[in-house]
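Protein chains: 2
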Amino acid sequence: MNADPRILKGVNAAVLTPLNRDMSPDIGRMTAHCQWLLANGSDGLGILGTTGEAQSFTVRERMDILEGLGKAGIPLAKTMPGTGAANYVDAAELTKHSVDIGAGGALLLPPYYIKGVGDDGLFVSFDKIINHVASNDLRVYLYHFPQMSGIPFSHDLIDRLVQAFPGIVVGVKDSSGDEQNMLEMLKKFPGFNVFPGSESAFLNVLKAGGAGCITAVSNVAMAAAQRVYSAWTNEQRVDQGAEAIIQALRTVIAGYPLSSALKALMARHHGDEGWDGVRPPLVSLSEQQRNELFAAIDTIDYAIPAV
Amino acid sequence: MNADPRILKGVNAAVLTPLNRDMSPDIGRMTAHCQWLLANGSDGLGILGTTGEAQSFTVRERMDILEGLGKAGIPLAKTMPGTGAANYVDAAELTKHSVDIGAGGALLLPPYYIKGVGDDGLFVSFDKIINHVASNDLRVYLYHFPQMSGIPFSHDLIDRLVQAFPGIVVGVKDSSGDEQNMLEMLKKFPGFNVFPGSESAFLNVLKAGGAGCITAVSNVAMAAAQRVYSAWTNEQRVDQGAEAIIQALRTVIAGYPLSSALKALMARHHGDEGWDGVRPPLVSLSEQQRNELFAAIDTIDYAIPAV
Numbered sequence: 016m017n018a019d020p021r022i023l024k025g026v027n028a029a030v031l032t033p034l035n036r037d038m039s040p041d042i043g044r045m046t047a048h049c050q051w052l053l054a055n056g057s058d059g060l061g062i063l064g065t066t067g068e069a070q071s072f073t074v075r076e077r078m079d080i081l082e083g084l085g086k087a088g089i090p091l092a093k094t095m096p097g098t099g100a101a102n103y104v105d106a107a108e109l110t111k112h113s114v115d116i117g118a119g120g121a122l123l124l125p126p127y128y129i130k131g132v133g134d135d136g137l138f139v140s141f142d143k144i145i146n147h148v149a150s151n152d153l154r155v156y157l158y159h160f161p162q163m164s165g166i167p168f169s170h171d172l173i174d175r176l177v178q179a180f181p182g183i184v185v186g187v188k189d190s191s192g193d194e195q196n197m198l199e200m201l202k203k204f205p206g207f208n209v210f211p212g213s214e215s216a217f218l219n220v221l222k223a224g225g226a227g228c229i230t231a232v233s234n235v236a237m238a239a240a241q242r243v244y245s246a247w248t249n250e251q252r253v254d255q256g257a258e259a260i261i262q263a264l265r266t267v268i269a270g271y272p273l274s275s276a277l278k279a280l281m282a283r284h285h286g287d288e289g290w291d292g293v294r295p296p297l298v299s300l301s302e303q304q305r306n307e308l309f310a311a312i313d314t315i316d317y318a319i320p321a322v
Numbered sequence: 016m017n018a019d020p021r022i023l024k025g026v027n028a029a030v031l032t033p034l035n036r037d038m039s040p041d042i043g044r045m046t047a048h049c050q051w052l053l054a055n056g057s058d059g060l061g062i063l064g065t066t067g068e069a070q071s072f073t074v075r076e077r078m079d080i081l082e083g084l085g086k087a088g089i090p091l092a093k094t095m096p097g098t099g100a101a102n103y104v105d106a107a108e109l110t111k112h113s114v115d116i117g118a119g120g121a122l123l124l125p126p127y128y129i130k131g132v133g134d135d136g137l138f139v140s141f142d143k144i145i146n147h148v149a150s151n152d153l154r155v156y157l158y159h160f161p162q163m164s165g166i167p168f169s170h171d172l173i174d175r176l177v178q179a180f181p182g183i184v185v186g187v188k189d190s191s192g193d194e195q196n197m198l199e200m201l202k203k204f205p206g207f208n209v210f211p212g213s214e215s216a217f218l219n220v221l222k223a224g225g226a227g228c229i230t231a232v233s234n235v236a237m238a239a240a241q242r243v244y245s246a247w248t249n250e251q252r253v254d255q256g257a258e259a260i261i262q263a264l265r266t267v268i269a270g271y272p273l274s275s276a277l278k279a280l281m282a283r284h285h286g287d288e289g290w291d292g293v294r295p296p297l298v299s300l301s302e303q304q305r306n307e308l309f310a311a312i313d314t315i316d317y318a319i320p321a322v
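For the record, the sequence lines run as chains A and B. Numbering-wise, the first sequence is residues 16 to 322 according to our numbering. Numbering-wise, the second sequence is residues 16 to 322 according to our numbering.
Written out as structure tokens, the structure reads:
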């Protein structure tokens with residue numbers, strides 16, 4: 016499975032979705048941000064995940080974002096858009112659209128409104144989505160984020176999906192923060208591509224055979240995250256300096272709503288207040304939060320790279 | 016506020032959404048079910064709530080259901096469709112559509128994917144929805160169901176919404192099962208229309224000034240629920256027999272996934288297996304569950320009315 020050239024390895028930013036003043040997605044700013052991430056070492060682009068506020072956009076808006084990035088020249092083969100939704104019909108349409116347009120992978124949340132459902136119903140949801148897409152080009156990454164979705168992926172369910180859709184269900188983004196769960200998945204599912212959703216588990220999971228990471232903090236710390244990844248992957252060496260930077264950034268930023276904090280940092284970096292908008296139910300940081308965040312970040316020996 | 020003739024009082028079924036074999040909504044069966052409920056004492060129709068699997072349908076499907084019922088002659092002024100969604104844009108469109116087509120009220124979930132958000136962002140979401148609809152005909156009922164949405168309505172938020180939108184934000188459906196919360200809302204917000212989402216709190220909340228109920232079990236026990244409501248409302252009398260029936264039914268049915276159990280009961284009642292389908296992530300009851308459910312229901316001195 017790992018030999019599949021389509022598999023997105025390495026460091027992926029959980030890309031922010033900048034907004035226009037009317038709260039519509041700002042494709043221009045987003046394209047520039049994606050280019051900047053790729054220029055600074057991003058192997059791929061985890062667009063429209065939780066950090067990218069995907070579930071705060073409509074199906075049409077999400078398709079427009081992906082199409083807009085493609086038209087602007089972002090290599091969609093490097094993107095892994097979140098295509099999950101509360102209902103399987105929207106998820107199936109979004110996933111099909113992402114494959115049709117050439118996205119490298121699809122990050123799939125389980126249907127997440129009804130809680131307490133069993134694996135059988137979740138399996139049927141994925142079965143319907145995958146059969147609707149009906150393409151060998153589909154690469155599904157399961158999006159395990161029980162703190163948001165309320166629906167954890169059991170290992171039994173993952174096993175059923177991997178068995179039923181070999182070469183299609185190829186990995187997981189685990190945003191639970193539960194490092195033990197990630198290490199267990201690597202053991203149980205040979206060749207499964209496990210992407211931690213935060214810096215905390217990144218290095219340990221990488222050492223155990225992880226595929227890389229898809230993280231929010233990479234929006235501002237891509238170069239350092241790539242140094243951690245490359246040092247280990249190419250030389251089995253821990254880049255202590257880079258690792259210290261991403262851990263320190265994570266520790267500070269995790270004290271705030273992630274998308275709001277990262278957008279505040281982007282706004283400051285670019286001197287562009289337009290970066291600051293988030294969609295409700297998120298709100299932008301208050302003046303006080305912003306000042307505290309900036310002060311804390313500035314104690315870290317780190318500068319967001321200019322390019 | 017209670018003098019508003021638009022307010023939906025009394026017993027409302029949380030109406031099931033029957034499906035065709037291809038999982039599309041079956042408007043014909045649903046129309047017949049609504050007619051049957053109204054003929055058996057339903058004051059209103061809580062369509063497309065959690066029992067109606069609303070979040071498992073697309074925006075277009077949800078609009079089609081409402082339009083289909085209207086065309087088939089169901090009095091939409093008696094309906095309170097769920098119009099909430101994970102994103103405020105879809106919720107705004109659904110709510111506007113429901114008002115434009117003449118629905119009596121709109122049952123609004125908070126945006127429910129991102130957890131841990133504060134009241135400010137939730138307020139902005141509702142503000143955007145209500146301003147998008149921009150109609151004095153809008154009557155919003157807040158849908159408090161933290162077990163599913165993960166987003167409780169704080170009393171502070173309710174207070175802000177009632178103050179900001181008097182005559183528009185007029186009530187709540189509380190499916191939390193927390194009777195104390197319902198009684199407190201009645202005290203804190205004079206004239207607020209509090210609908211318990213299950214039989215357990217129905218009578219006590221009614222005695223304290225509650226507006227009625229919107230419940231899943233009413234799909235099969237409408238006549239008994241209406242007897243409880245009418246006896247108290249008209250004569251301040253508790254109909255012990257009817258109350259015992261709805262409590263007993265609730266106790267049995269709550270041991271199963273509600274929509275699946277109720278659809279199984281409808282399928283048996285009508286001798287119509289087509290009633291049995293649910294959308295994933297729900298699954299239909301197993302043969303064993305079905306047999307156990309039917310056996311338990313049959314110990315209750317109760318028959319689903321023929322008409």
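We treat Cβ as the ideally placed atom computed from N, Cα and C, and that holds for glycine. None of these values were measured; they are calculated from a predicted model.
Sequence-distant partners of N102(A) (beyond 5 residues in either direction) whose C-beta falls short of 7 Å from its own C-beta, in its chain, are P126. Interface with chain B (8 Å Cβ-Cβ cutoff): Q162(A) is included. In this structure E194(B) is in contact with V220(B), their Cβ atoms being roughly 7 Å apart against a cut-off of 8 Å. Contact annotation: the region 290-309 of chain A touches the region 30-40 of chain A, with at least three C-beta pairs closer than 8 Å. Per the DSSP secondary-structure output, C228(B) pairs in a beta bridge with V26(B).
Listed along the chain, the chain B residues whose CB falls inside 7 Å of the CB of L297(A) are I129, V132, G136. Excluding five sequence positions before and after M200(A), the CB atoms of its chain that fall closer than 8 Å to its own CB belong to H170, I173, V187, D189, F207, V209, given in chain order. For the region 140-157 of chain A, the set of residues with a beta-carbon nearer than 7 Å to any beta-carbon of chain B comprises S140, K143, in chain order. Q70(B) has a beta carbon lying within less than 8 Å of a beta carbon in chain A. Around V104(B), the beta-carbon contacts reaching into chain A at under 7 Å are T73. A residue is called buried when at least 16 other Cβ atoms come within 10 angstroms of its Cβ; T314(A) does not meet this threshold and is exposed. Using beta-carbon distances, P125(B) counts as an interface residue toward chain A, with a partner under 8 Å. DSSP places A279(A) in the uninterrupted alpha helix (DSSP H) bounded by 273-285.
Contact between Y156(A) and G120(A) is confirmed by a C-beta separation of about 5 Å, below the 8 Å threshold.
In the DSSP secondary-structure assignment, H159(B) is bridged to D189(B). If you look at N151(B), you'll find it isn't in any beta strand (DSSP E); DSSP assigns it neither H nor E. From the listed residues N151(B), G227(B), L198(B), T110(B), the smallest Cα separation to G182(B) is found for N151(B). A distance of 8 Å or more separates the beta carbons of V26(B) and A276(B). Residue range 208-211 is occupied by the beta strand (DSSP E) that includes F210(B). Close to G270(A), with beta-carbon spacing below 8 Å, lies no residue of chain B; the smallest spacing is near 13 Å. G85(B) is a Cβ neighbour of I116(B), given a cutoff of 8 Å. If you draw a straight line from the Cα of F160(B) to the Cα of L264(B), it is about 21 Å long.
For A121(B), the enclosing beta strand (DSSP E) begins and ends at 121-123. Taking 8 Å as the cut-off, the Cβ atoms of A28(A) and L52(A) count as close.
Around the C-beta of E250(A), fewer than 16 other C-beta atoms lie within 10 Å, and the residue is accordingly described as exposed. At a beta-carbon threshold of 9 Å, the residues of chain B lying near A101(A) are Q70, S71, A100, A101, Y127, Y128, ordered along the chain.
In this structure, G97(B) keeps its C-beta atom at 8 Å or more from the C-beta atom of I42(B). With respect to chain B, the C-beta atom of G97(A) has no partner C-beta closer than 8 Å.
Within the region 72-91 of chain B, contact with chain A at the beta-carbon level (separation under 8 Å) is assigned to F72, T73, V74, E76.
Note that the C-beta distance between G56(A) and M95(A) is not below 8 Å. Contact check for A149(A) and L123(A): beta-carbon distance about 16 Å, past the 8 Å limit, so the pair fails to qualify. In this structure V243(A) is in contact with L218(A), their Cβ atoms being roughly 6 Å apart against a cut-off of 8 Å. When G165(B), S164(B), I268(B), K143(B) are compared, the shortest CA-CA separation from A179(B) is found for K143(B). The three-state secondary structure of V253(A), taken from DSSP, is coil.
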